[in-house]
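Protein chains in written order, with our numbering: chain A, 1 to 243; chain B, 1 to 84.
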Amino acid sequence: MALSFNIGKCVAWAPGLESEQDWQLWQRGERPLAEELSLPKLTNIPAMQRRRLSPFAKIALHCALEASGDHQADIPCVFSSRHGDLHRTTLLIESIAQGKDLSPTQFGLSVHNAAAGLFSIFAGNRAPLSAIAGGQSSFMQGLLDCVAKLHANHLSQILYVYCDLHVPDCYRSYVCDDTAIGIGLLIEAAEDTGNTYSLSHHEMTGFVNSECQALDFMGFILSDESQLQAKINQQTWQLCRNT
Amino acid sequence: MSNLNHEIKLLIIEALDLEDITVDDIEDDAPLFVDGLGLDSIDALELGVAIKNAYNIKLDGNTEDSKKYFYSVKTLSEYIQLSQ
């Protein structure tokens, strides 16, 4: 079974790739990912709220706010991340190891739905919202959750936000596709005309580790390829462009 | 005394991520919460933990006394000196 949808808006942020033009240059192979990750300014968010935003939250919120635009106050959302705000969690674990009291702010904002919660507070958004993690398939699992909700609940649109940062040094040797990237997608119900996409997945045998799904997705969306395949852990994800 | 005040201001700025605020922006006598610096209840918890970690002093969250101690840099400083 394939689920169809439209992409109304696509916003992404990665080291050195911040604007639409940056991403187009990257897709044509004219600009590589940079070493250093800079952060969005988020000038619309008051300084007293902004100070509690970690780099992870800043990138997730930037993608969420830019992709949802005028709909930010009432659009249902799905947030997905493989590791979540692992830098905050790591600081908490280090505090425990050192016998220190835990920072209440770090604790409150280390949960997996923290970025989604911060978005809903800032945007005043009370629509249904979920935060999911799906291992190395987190990007595709999140997209599936999003598109399934679009269909099941007969929504006209839903916001999808995916974000992961480089893991802290102490975890680096355990992670193979360690990419820092945030993506915000305004997903819309597919109309008869125009570019629509359909997502499906099926089981396969054997384990194949695909590269970073989110980065592959950006490469696909900016290209004129007809399909993107991500093979991973006994599953094949297929995203097709229907022209 | 003024050294401790300075230290507390640095602690407040660091513990609460007040990026845009310097020591000079915080007055000794001005209220820290709501009216003055505009800190909120999460900040109160955070500051309590930071003071405990730095001075080994326990400040109970919700007593009338703790509200008095948390009022300003000056009251915090007096409480820390009293408890040491």
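Every residue, glycine too, gets a C-beta built ideally from N, C-alpha and C.
These numbers were taken from a predicted model, which means no experiment stands behind them.
Spatial neighbours of residue i in its chain, beta-carbon cut-off 7 Å, leaving aside the 5 residues before and after
i                  : result
Ile-8 of chain B   : Val-73, Leu-76, Ser-77
Lys-58 of chain A  : Leu-39, Pro-40, Leu-42
His-166 of chain A : Asp-178, Ala-180
Residue range of the beta strand (DSSP E) that includes residue i
i                  : result
Tyr-71 of chain B  : Note, Tyr-71 of chain B: premise wrong, no beta strand (DSSP E); not H, not E.
Cys-240 of chain A : 235 to 242
Gln-229 of chain A : 227 to 232
Leu-199 of chain A : 196 to 203
7 Å Cβ cut-off: residues of chain B touching residue i
i                  : result
Thr-105 of chain A : Ile-42, Glu-46
Lys-100 of chain A : Asn-53
Ala-47 of chain A  : Asp-20
Where residue i sits in the DSSP three-state scheme
i                  : result
Ile-132 of chain A : strand
Val-161 of chain A : strand
Ala-188 of chain A : With the sequence shown as reference, residue 188 of chain A is identified as Glu, and Ala is not the correct amino acid for it. Strand, per DSSP.
Lys-100 of chain A : coil
Ser-251 of chain A : The requested residue 251 of chain A does not occur in the structure, where chain A is confined to residues 1 to 243.
Lys-58 of chain B  : coil
Gly-182 of chain A : strand
Leu-16 of chain B  : coil
Cys-170 of chain A : helix
Val-34 of chain B  : coil
Val-23 of chain B  : helix
Leu-39 of chain B  : strand
Supposed close pair residue i, residue j - CB separation, criterion 8 Å
i                  : j                  : result
Gln-24 of chain A  : Gly-219 of chain A : In fact, because the Cβ distance is near 11 Å, the residues do not count as touching under 8 Å.
Asp-20 of chain B  : Ala-133 of chain A : Actually they are not in contact, since the Cβ atoms of Asp-20 of chain B and Ala-133 of chain A sit about 34 Å apart, beyond 8 Å.
Cys-84 of chain A  : His-62 of chain A  : According to the sequence shown, residue 84 of chain A is Gly rather than Cys. Rounded, the Cβ-Cβ distance is 17 Å, inconsistent with contact.
Val-49 of chain B  : Pro-168 of chain A : So it is not a contact: roughly 22 Å between Cβ atoms.
Phe-70 of chain B  : Leu-11 of chain B  : Wrong, their Cβ atoms sit about 13 Å apart, outside the cutoff.
Thr-196 of chain A : Asn-242 of chain A : 5 Å
Asp-74 of chain A  : Ala-127 of chain A : 6 Å
Ser-198 of chain A : Ala-2 of chain A   : 4 Å
Ala-323 of chain A : Ala-131 of chain A : Outside the shown range of chain A, which is 1 to 243, sits residue 323 of chain A, and nothing can be said about it.
Asp-164 of chain A : Arg-82 of chain A  : 5 Å
His-87 of chain A  : Ser-137 of chain A : Actually they are not in contact, since the Cβ atoms of His-87 of chain A and Ser-137 of chain A sit about 22 Å apart, beyond 8 Å.
Limits of the alpha helix (DSSP H) - the one that residue i falls within
i                  : result
Gly-8 of chain A   : Segment 3 to 13 is the beta strand (DSSP E) holding Gly-8 of chain A; no alpha helix (DSSP H) there.
His-83 of chain A  : From DSSP, His-83 of chain A is part of no alpha helix (DSSP H); its letter is neither H nor E.
Lys-149 of chain A : 138 to 152
Ser-68 of chain A  : 55 to 68
Arg-28 of chain A  : Run containing Arg-28 of chain A: none; DSSP gives neither H nor E here.
Residues of its chain near residue i, where Cβ-Cβ distance is below 6 Å and the 5 sequence neighbours each way are ignored
i                  : result
Ile-7 of chain A   : Leu-185
Glu-188 of chain A : Asn-6, Gly-8, Gln-157
Asp-43 of chain B  : Leu-16
Leu-17 of chain A  : Trp-23, Trp-26
Chain-ordered neighbours of residue i on chain A, where CB pairs are closer than 7 Å
i                 : result
Asp-24 of chain B : Chain A residues near Asp-24 of chain B: none, gap ~17 Å exceeds 7 Å.
Asp-17 of chain B : Arg-51, Arg-52
Val-34 of chain B : The contacting residues do not exist; Val-34 of chain B stays about 12 Å from chain A at best.
Cβ shell of residue i (< 8 Å), same chain only, five flanking positions each side left out
i                  : result
His-201 of chain A : Met-140, Leu-144, Gln-235, Thr-236, Trp-237, Gln-238
Beta-carbon neighbours of residue i, restricted to chain A and to distances below 8 Å
i                 : result
Gly-38 of chain B : Met-48
Val-96 of chain B : The structure shown does not extend to residue 96 of chain B, since chain B is modelled only from 1 through 84, so no value can be given for it.
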